[in-house]
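Report on one structure; see the data block that follows.
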Amino acid sequence: MPQQLKSLLVVFAVFIGGLVAARHFLLPPTFGERGHYRAAAVVTIERLPVRYAGREACGVCHDEIASVHRNARHQTVACEVCHGPAVAHTESPTENKLPAPRERGYCPLCHGYDPSRPTGFPQIDPVAHNPLKPCITCHNPHQPEPPHVPGECSACHGEIARTKALSHHALLDCTQCHKTPLQHKIKPREVRPEKPLTREFCGGCHAQNARAPKNVPRINLETHGGRYVCWQCHYPHLPEAR
Amino acid sequence: MEEQKQPAREPLEEISDSRREFLTTCSLAAPLLLLSLRAAEVAAFAAGDTPYNPKEHYYGMGVDVDRCIGCGRCVDACKTENDVPREPFYFRTWVERYVVTPEGETLVDSPNGGMSGFPPTHSEKGILRTFFVPKLCNHCDNPPCVQVCPVGATFKTEDGVVLVDQEYCIGCRYCVQACPYGARFIDPRTRTAEKCTFCYHRLVRGLLPACVEVCPTGARVFGEIQQRSSPLVRFTRRHKIHTLKGHLNTKPKVYYANLDEEVR
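The listed protein sequences derive, respectively, from chains A and B. All residue numbers for the first sequence refer to the numbering used here, where the first residue is 1 and numbers rise by one. All residue numbers for the second sequence refer to the numbering used here, where the first residue is 243 and numbers rise by one.
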């Protein structure tokens, strides 16, 4: 082997060795353990302090409020939305007191009328809606049911009421077909009205021998529509639509 | 020739002696120094081992535009949880308001990122449609910000979260430029790149990101994207999903439901 090649090899060996050594020392430790990055950086981030305790944290000590809140219309609004980050409070409650947003300006942040908000979200005009008093004099912030329950079925069943109003059943009251407990208007999902269950129910007005005004059209209850219940063919709130 | 040079080399010899000594010391000390630093860092790393296993997770977020009421609680909570500077311009998540006029013009605003809510919506040119859109880092599966970082200080973790290594970031702003979603900024205090971490420090403790925690209407859904029964996967099944700037092939992992085509 020529001399110059030998010394070149030595130079290369030294160079490559130096490179490997430099790489070994210059690459940050933990680099490449989990991917093309310093795994220790992830650990640094993992150790950052937590400020929001999470939805489950409050019930341990405030079980009464938490159980009310769990079934209230504010159930999706976490405690810490209104009371602020609470990790410090859960660790030593008396030293780290949480604020409560009692002032009137707070609630319109969510409930002030704004056309950009999705339709159906309960909104009020903060200027006109019972001014002068804080919202919490009339609405419990943990269970903010509107204080008056609506009297009319149409307040909640608008679509059905409007349909029926234009139908041949327009003059029938909802309650003639749905016996409705008062509680339904307060807890609509838990307390439900009755619904007609049998052909005989409609037959009470529409059968040949029914005791009903003359103008009510009659059918033969035995044969008409076979054995099916009437509302498989007639929508009861718009019976002429078949 | 030789004899003539000798006297001239005497003083040189002395200097090079001490220099040689110095270099030897250095060459011995440097690896030792590096080794000791390394040992310290490795020790610190080992102590941080949590039962959390990133290989068991892969995260994404769903956003239901039809539920956002623009209250800005997410922006506020994000700043609190992550110690983001309070001034405007620094946001890890923010809310935009879109107003589409009858002429088809689209106006977008985001006063202070929506952190204090929005002033009432008003448009001189009339309103055809209007809605709020929460935004944040999309934690792309194919993140352009990671590709451009010259020092490898930003990266995608095994659980699919894009993070920044604060100690190695040199604040060059390449990633800020590269992000098509404007989701990064330079922290004025550390002069390093900052961004949404999906609240990684909460995830490893089994908590939800702060913005999801405080959203009052459930407009944000967080979870696993590779477990069929997760709330997020159910969310993506039930809604028609769009992602932002899908044509850039960034493969975003923030999934929008009921997104108007006007949103960019």
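Idealized CB from N, CA, C, for every residue including glycine. In this text the structure is predicted, and so the values were computed from the model without any measurement.
Residue i to residue j span [Cα, whole Å]
i	j	result
B:Arg187	B:Gly465	Residue 187 of chain B lies beyond the residue range present for chain B, which begins at 243 and ends at 506; the question has no answer from this structure.
B:Ala286	B:Tyr410	At B:Ala286 the pLDDT is 47, less than 50, meaning the model places this residue with poor confidence and gives no usable figure here.
B:Ala461	A:Val216	50 Å
B:Leu490	A:Pro122	39 Å
B:Glu436	B:Pro430	10 Å
B:Gly355	B:Ile311	14 Å
B:Thr508	A:Glu95	Since the first residue of chain B shown is 243 and the last is 506, residue 508 of chain B is not available in this structure.
A:Gly35	B:Cys417	19 Å
B:Leu276	A:His62	Per-residue confidence for B:Leu276 stands at a pLDDT of 49, beneath the threshold of 50, marking its modelled position as unreliable; the derived number appears in the next sentence. B:Leu276 and A:His62: Cα-Cα distance of roughly 53 Å.
A:Arg47	A:Glu56	21 Å
A:Val50	A:Val87	7 Å
B:Thr459	B:Val403	25 Å
B:Thr399	B:Thr492	16 Å
A:Arg104	A:Lys133	7 Å
B:Glu263	A:Ala22	21 Å
A:His139	A:Cys107	11 Å
A:Gln3	A:Glu33	43 Å
A:Val125	A:Ser116	The question names Val, yet the displayed sequence has Asp at residue 125 of chain A. One C-alpha to the other measures close to 14 Å.
A:Thr44	B:Val341	41 Å
A:Phe15	B:Val317	53 Å
B:Gly488	A:Arg73	37 Å
B:His381	B:Val496	7 Å
A:Val92	A:Leu98	It is Ser, not Val, that sits at residue 92 of chain A in the sequence shown. C-alpha separation (whole angstroms): 11 Å.
A:Gln176	A:Asn220	22 Å
A:Leu5	A:Leu19	20 Å
A:Thr30	B:Gln468	28 Å
B:Thr335	B:Gly359	14 Å
A:Leu172	A:Glu194	16 Å
A:Ala41	B:Ile483	33 Å
B:Val326	B:Ala425	13 Å
A:Ala207	A:Lys179	21 Å
Residues that DSSP places opposite residue i in a beta bridge
i	result
A:Gln176	Answer is none; A:Gln176 lacks a bridge partner.
B:Thr528	Residue 528 of chain B lies beyond the residue range present for chain B, which begins at 243 and ends at 506; the question has no answer from this structure.
B:Thr372	B:Val341
B:Asp306	B:Ala499
A:Gly112	A:Ile124
A:Ala207	A:Ile219
B:Lys484	Reading off the sequence, residue 484 of chain B comes out as His, not Lys. B:Tyr498.
A:Gln143	A:Asn140
B:Ala425	Paired residues: none, contrary to the question.
B:Glu436	B:Phe427
Chain-ordered chain B contacts of residue i [CB-CB under 9 Å]
i	result
A:Gly35	Phe397, Lys398, Thr399, Glu400
A:Arg162	Per Cβ cutoff of 9 Å: no residues; A:Arg162 is ~23 Å from chain B at best.
A:Arg41	It is worth fixing the name first, because residue 41 of chain A is Ala in this sequence and not Arg. Going along chain B in sequence order, the residues near A:Ala41 (Cβ under 9 Å) are Ala395, Phe397, Leu405, Val406, Asp407, Gln408, Glu409, Tyr410.
Contacts that residue i makes with chain A (C-beta to C-beta distance below 8 Å)
i	result
B:Phe360	Asp114, Ser116
B:Val456	Tyr52, Ala78, Glu80, Val81
B:Thr363	Asp114, Pro115, Ser116
Chain-ordered neighbours of residue i on chain A, where CB pairs are closer than 9 Å
i	result
B:Ala420	Result: empty, since nearest Cβ-Cβ is about 17 Å, beyond 9 Å.
B:Thr343	Correct list: empty, because the minimum Cβ distance to chain A is about 13 Å.
B:Cys369	Looking at the sequence itself, residue 369 of chain B is Ile, so the reference to Cys does not match. Within 9 Å Cβ-Cβ: Pro115, Ser116.
Cross-chain neighbours of residue i in chain A, by beta carbon under 7 Å
i	result
B:Phe189	Shown here, chain B extends from 243 to 506; a query on residue 189 of chain B therefore has no answer.
B:Gly460	Thr76
B:Ile483	Near B:Ile483 there are no residues of chain A at all, since even the closest Cβ is about 18 Å away, more than 7 Å.
B:Arg339	Ser116
B:Gly394	His36, Tyr37
B:Phe464	By Cβ distance, chain A contributes nothing, its closest Cβ being about 12 Å from B:Phe464, past 7 Å.
B:Thr372	Pro115, Ser116
Beta strand (DSSP E) segment containing residue i, residue limits
i	result
A:Thr44	Looking at the DSSP string, A:Thr44 is not in any beta strand (DSSP E); the run it does join, the alpha helix (DSSP H), is 39 to 46.
B:Leu405	404 to 406
B:Leu349	348 to 351
B:Thr396	396 to 398
A:Gly18	From DSSP, A:Gly18 is part of no beta strand (DSSP E) but of the alpha helix (DSSP H) over 3 to 26.
B:Glu209	Absent from the model: residue 209 of chain B. The displayed extent of chain B is 243 to 506, so no value can be given.
First and last residue of the uninterrupted alpha helix (DSSP H) at residue i
i	result
B:Asp318	315 to 324
A:Arg162	158 to 165
A:Ser67	63 to 70
B:Phe477	473 to 480
B:Ala420	416 to 420
A:Cys79	79 to 83
B:Leu445	442 to 445
A:Ala88	87 to 91
B:Cys387	386 to 390
Chain-ordered chain B contacts of residue i [CB-CB under 7 Å]
i	result
A:Arg38	Asp407, Tyr410
Proximal chain B residues relative to residue i, where beta-carbon distance stays under 8 Å
i	result
A:Phe121	Ile311, Thr459
Give, in chain order, every residue of the region 305 to 331 of chain B whose Cβ lies closer than 7 Å to some Cβ of chain A. Asp308, Arg309, Ile311, Gly312, Cys313, Arg315, Ala319, Thr322, Glu323
Scan the region 49 to 77 of chain A for residues whose Cβ lies nearer than 9 Å to a Cβ of chain B and list them as they occur along the chain. Pro49, Val50, Arg51, Tyr52, Ala53, Gly54, Arg55, His74, Thr76, Val77
Check distances from the C-beta atoms of the region 427 to 452 of chain B to those of chain A and list, in chain order, the residues that come in under 8 Å. Thr439, Tyr442, His443, Arg444, Val446, Arg447, Leu449, Leu450, Ala452
Note down, in chain order, all residues in the region 98 to 113 of chain A with a beta-carbon under 7 Å from any beta-carbon belonging to chain B. Leu109, Cys110
What residues in the region 217 to 229 of chain A bring their beta carbon closer than 9 Å to a beta carbon of chain B? none
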